[in-house]
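Visitor: Numbering (this note's numbering), first residue to last: 1231 to 1628. We put the CB at the ideal spot given by N, CA and C, even for glycine. Before I ask anything, let me first share the structure, which is written out below as structure tokens.
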Ligand SMILES: Cc1cc2nc3c(=O)[nH]c(=O)nc-3n(C[C@H](O)[C@H](O)[C@H](O)COP(=O)(O)OP(=O)(O)OC[C@H]3O[C@@H](n4cnc5c(N)ncnc54)[C@H](O)[C@@H]3O)c2cc1C
């Protein structure tokens, strides 16, 4: 039986970045186990067609781990416009007014999937894929994992970065709480007649929020560079089949009616994918020689684009807690991790959940309240400062 120091179950974006961070900052051996076959032509589930917004802090923290994004062609968010369809609320924020070049960067998970393996090139790294863990056993001084292939791996610390759907966290004694939103997110890339100029839009509609993120989707036409957006459209679950099966022309028309003409006409639309939306959290963050990180610890609604940003803060918390320790699975190390993550995690989960409930509601006092909120955001520097702090992960830069 092969004894490793840290084993990570799940090689999605969080598990892969954690592996790179541990290799860069600690002396431990790292084994990464993932269910997906790297030789498959289909995209890995953790690196699919999703396009995500990384906060300024996330971009900086990744650079601190040695992970630079240039090769993933990130697109900066320079302006954010928040509107409420059919109501007065409106707010516009510009990064330059906060002395920062951008609120964050937009990248595709597939580009990150191509980029990350280059940061895992180390004699201390073992990649086990495709394989899955069928049984996890916590012993006094190690965790043993029985794999579906019949192999066995043991380690001082086991990190669950499996997205939370494998049942492994329950085997390790974590309690899972799930609350479906009755909504799903439809994603696609589009082009508009007007260039994006670094604009990101969040529009609250009667069905749910609609986000347009600036993204280099040129549909193979270089002359249309700078006109692309990645769209995340939240709708009631019942509407999913209808919207995803519409012809491109009819879908474009529905999207245009909902988004409006602030970017001119939507001229092209790419393939659509959809994701059911559910709040899925573990009550605990640590169990004997085990921790949960990323979506395995908390799967959030994408309304505020916080999922990976929060998962990356889990990664940084865990790397910092294990630096300068001999046993990465010791209780003192895990307790330090829990201590540094609990507050941020609770606040972000609660805030994201509250946003979904406020902005998916047509009840008049809520509607009036949130419009007032958006107007206040635009008018009161202290309030908009707080919004920017959440968006970038930082306060005002001086
Ligand atoms: C529509 C949408 C838009 C989003 N937008 C944003 C955004 O703008 N900003 C942001 O920060 N976040 C965003 N997110 C969230 C972000 O995409 C996720 O938080 C992030 O991708 C989660 O990564 P993960 O590695 O934790 O989990 P996953 O991506 O779920 O990866 C889990 C991995 O574990 C593997 N696995 C599962 N079970 C096993 C097993 N038993 N054994 C071995 N391997 C296993 C899987 O193959 C997979 O590779 C968005 C999410 C959605 C759905």
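#1: When the Cα atoms are used, what is the spatial distance from residue 1291 to residue 1546?
#2: Mind checking which residues open and close the alpha helix (DSSP H) that includes residue 1561?
#3: Within a Cβ cutoff of 6 angstroms, which residues of the same chain sit near residue 1510, ignoring the five residues on either side of it in sequence?
#4: Taking the straight line between their C-alpha atoms, what separation do you get for residue 1460 and residue 1261?
#5: Quick check: does the Cβ of residue 1265 come within less than 7 angstroms of any heavy atom belonging to ligand 1?
#6: From which residue to which residue does the beta strand (DSSP E) around residue 1314 run?
#7: Is residue 1243 near ligand 1, in the sense that its beta carbon is under 7 angstroms from a heavy atom of that ligand?
#8: Contact between the region 1555-1573 and the region 1431-1443 is defined here as three or more beta-carbon pairs at a separation below 8 angstroms; is this criterion met?
#9: At a cut-off of 7 angstroms, would you count residue 1280 as near ligand 1, judging by its Cβ distance to the nearest heavy atom?
#10: Span of the beta strand (DSSP E) holding residue 1433?
#11: Let me confirm a value: residue 1595 is counted as buried when at least 16 other C-beta atoms fall within 10 Å, else exposed. Which label applies?
#12: Measure the Cβ-Cβ separation of residue 1267 and residue 1331 and say whether it is below 8 angstroms.
#13: At a threshold of 7 angstroms, does residue 1511 count as lining ligand 1 (C-beta to nearest heavy atom)?
#14: Tell me which residues share the same chain as residue 1302 and place their Cβ nearer than 8 angstroms to its Cβ, disregarding the 5 neighbours each side in the sequence.
#15: Can you name the residues that DSSP bridges to residue 1363?
#16: Considering only C-alpha positions, which residue in the set 1295, 1387, 1522 and 1363 is nearest to residue 1259?
#17: What are the residues that DSSP puts in a beta bridge with residue 1505?
#18: Can residue 1465 and residue 1421 be called in contact, C-beta distance under 8 angstroms?
#19: Could you pull the start and end residues of the beta strand (DSSP E) that residue 1285 belongs to?
#20: Would you call the region 1362-1377 and the region 1499-1513 touching, i.e. three or more CB-CB distances under 8 angstroms?
#21: Closest to residue 1257 by C-alpha separation, out of 1432, 1353, 1491 and 1579, would be which residue?
#22: Can you tell me where the beta strand (DSSP E) with residue 1466 in it begins and where it stops?
#23: Taking 6 angstroms as the limit between beta carbons, can you name the residues of its chain near residue 1255, skipping five residues before and five after?
#24: So, residue 1349 versus residue 1250, is the Cβ gap smaller than 8 angstroms?
#25: How big is the Cα-Cα spacing for residue 1518 and residue 1561?
#26: Grab the span of the alpha helix (DSSP H) containing residue 1548 for me, first residue to last.
#27: Assign residue 1514 to one of three DSSP states: helix, strand, or coil.
Guide: By the coordinates alone:
#1: Here residue 1291 is taken as the residue at index 61 of the chain shown, counted from 1. Here residue 1546 is taken as the residue at index 316 of the chain shown, counted from 1. Their Cα atoms are separated by approximately 8 angstroms.
#2: As a working note, residue 1561 is residue 331 in the chain shown. Boundaries of the alpha helix (DSSP H) harbouring residue 1561: 1561-1589, taken from the DSSP string.
#3: Translated into positions along the chain shown, residue 1510 becomes position 280. Same-chain partners within the cutoff: 1394, 1408 and 1529.
#4: The residue given as residue 1460 occupies position 230 in the chain shown. The residue given as residue 1261 occupies position 31 in the chain shown. In a straight line, the C-alpha of residue 1460 is about 34 angstroms away from that of residue 1261.
#5: Within the chain shown, numbered from 1, the residue matching residue 1265 stands at position 35. Yes - ligand 1 has a heavy atom lying nearer than 7 angstroms to the Cβ of residue 1265.
#6: Along the chain shown, read from residue 1 onward, the residue named residue 1314 stands at position 84. Boundaries of the beta strand (DSSP E) around residue 1314: 1309-1314.
#7: Against the chain shown, residue 1243 aligns to sequence position 13. At least one heavy atom of ligand 1 is nearer than 7 angstroms to the Cβ of residue 1243, so yes.
#8: Look at the beta carbons and you see the region 1555-1573 not touching the region 1431-1443: under three pairs across the two are nearer than 8 angstroms.
#9: Here residue 1280 is taken as the residue at index 50 of the chain shown, counted from 1. Relative to ligand 1, residue 1280 has its C-beta within less than 7 angstroms of a heavy atom.
#10: As a first step, residue 1433 must be located in the chain shown, where it is residue number 203. That run of the beta strand (DSSP E) goes 1429-1434.
#11: For the purposes of this step, residue 1595 is taken as the residue at position 365 of the chain shown. Low confidence applies here, because residue 1595 scores a pLDDT of 48, under 50, leaving its location unreliable; read the following figure in that light. The residue in question, residue 1595, is exposed, as its Cβ has fewer than 16 Cβ neighbours within 10 Å.
#12: The residue you call residue 1267 lines up with position 37 of the chain shown. The residue you call residue 1331 lines up with position 101 of the chain shown. Not a contact, by the Cβ cut-off of 8 angstroms.
#13: Here residue 1511 refers to the residue found at position 281 when the chain shown is read from its first residue. No, since every heavy atom of ligand 1 falls outside the 7 angstroms radius drawn around the Cβ of residue 1511.
#14: Here residue 1302 is taken as the residue at index 72 of the chain shown, counted from 1. Result list for residue 1302: 1337, 1338, 1341, 1342, 1344 and 1345, in chain order.
#15: For the purposes of this step, residue 1363 is taken as residue 133 along the chain shown, with counting starting at 1. In the DSSP assignment, the residues bridged to residue 1363 are 1377.
#16: Within the chain shown, the letter at position 29 stands for residue 1259. Ranking the options by Cα distance to residue 1259, first place goes to 1387.
#17: Working through the chain shown from its first residue, we reach residue 1505 at position 275. Per DSSP, the beta bridge partners of residue 1505 are 1415.
#18: To locate residue 1465, count along the chain shown from 1; it is residue 235. To locate residue 1421, count along the chain shown from 1; it is residue 191. No, the Cβ-Cβ distance between residue 1465 and residue 1421 is not below 8 angstroms.
#19: Here the question's residue 1285 lines up with position 55 in the chain shown. 1281-1285 is the span of the beta strand (DSSP E), which, as asked, contains residue 1285.
#20: Touching, no.
#21: Here the question's residue 1257 lines up with position 27 in the chain shown. Here the closest residue by C-alpha is 1353.
#22: For this step, residue 1466 is matched to residue 236 along the chain shown. Segment 1458-1466, the beta strand (DSSP E) holding residue 1466.
#23: As a position in the chain shown, residue 1255 is number 25, starting the count at 1. Closer than 6 angstroms at the Cβ level, and outside the excluded window around residue 1255, lie 1549 and 1553.
#24: Position 119 of the chain shown holds residue 1349. Position 20 of the chain shown holds residue 1250. Yes; because the gap between Cβ atoms is below 8 angstroms, this pair is in contact.
#25: Here residue 1518 refers to the residue found at position 288 of the chain shown. Here residue 1561 refers to the residue found at position 331 of the chain shown. Taking the straight line from one Cα to the other gives about 7 angstroms.
#26: Residue mapping note: residue 1548 aligns to position 318 of the chain shown, counting from 1. Run containing residue 1548: 1537-1552, per the alpha helix (DSSP H) assignment.
#27: For the purposes of this step, residue 1514 is identified with residue 284 of the chain shown, where counting begins at 1. In the structure shown, residue 1514 sits in coil (DSSP, three-state: anything other than H, G, I, E or B).
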